[in-house]
Amino acid sequence: MPPAEACRQVDAAASRLFKVLTDPTRLALLRRLADGPATVSELVDALGYPPRSRVSNHLACLAYCGQVTAERAGRNVTYALADPGVLRLVELAEQVAAPNAEHLASCTRIGPAWV
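The sequence shown begins at 931 in the numbering used here and counts up by one.
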């Protein structure tokens, strides 16, 4: 495979990962799972705000995209971080975003129209 094509594939994969991480609930789930594996009920209790169905949908997305693992034990499914390295990426993004928080909050040039 030519180097340019390999770079495009890596860029596409990174872009998809960033899209997975765009949701604040998913970020909160990843942060909570950094403390250890948890069931959906435990995650709902820890986050305190989203309905169980929404947490389940976000966990399904994270699992499908390889960011969390799911292990069934009877009726319960326990979720865990697949690779704690994703938290380094989240922390770095927060560090980069912090000095520009005001601009990011008011930015209207985000979305498909600007791609």
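Glycine included, every Cβ here is placed at the ideal spot set by N, Cα and C.
Check: Work out the CA separation of Arg-1039 and Ala-968 for me, nearest whole Å.; Outcome: 37 Å
Check: How about Val-998 and Arg-982: are their beta carbons less than 8 Å apart?; Outcome: no
Check: For Leu-1034, count the other beta carbons within 10 Å of its own beta carbon; 16 or more makes it buried, fewer makes it exposed. Which is it?; Outcome: exposed
Check: Among all the DSSP beta bridges, which residues are the ones paired with Glu-1001?; Outcome: Thr-1008
Check: Quick check on the burial criterion: 16 or more other C-beta atoms within 10 angstroms. Buried or exposed for Arg-1053?; Outcome: As shown, the chain starts at 931 and ends at 1045. That puts residue 1053 outside it, with no answer to give.
Check: Residues bridged to Ala-1023 by DSSP?; Outcome: Bridge partners of Ala-1023: none, in fact.
Check: In the stretch 936 to 1011, which residue ranges form an unbroken beta strand (DSSP E) of at least 3 residues, counting only runs that do not cross its ends?; Outcome: 998 to 1003, 1006 to 1011
Check: What is the DSSP secondary structure of Gly-1041, counted as helix, strand or coil?; Outcome: coil
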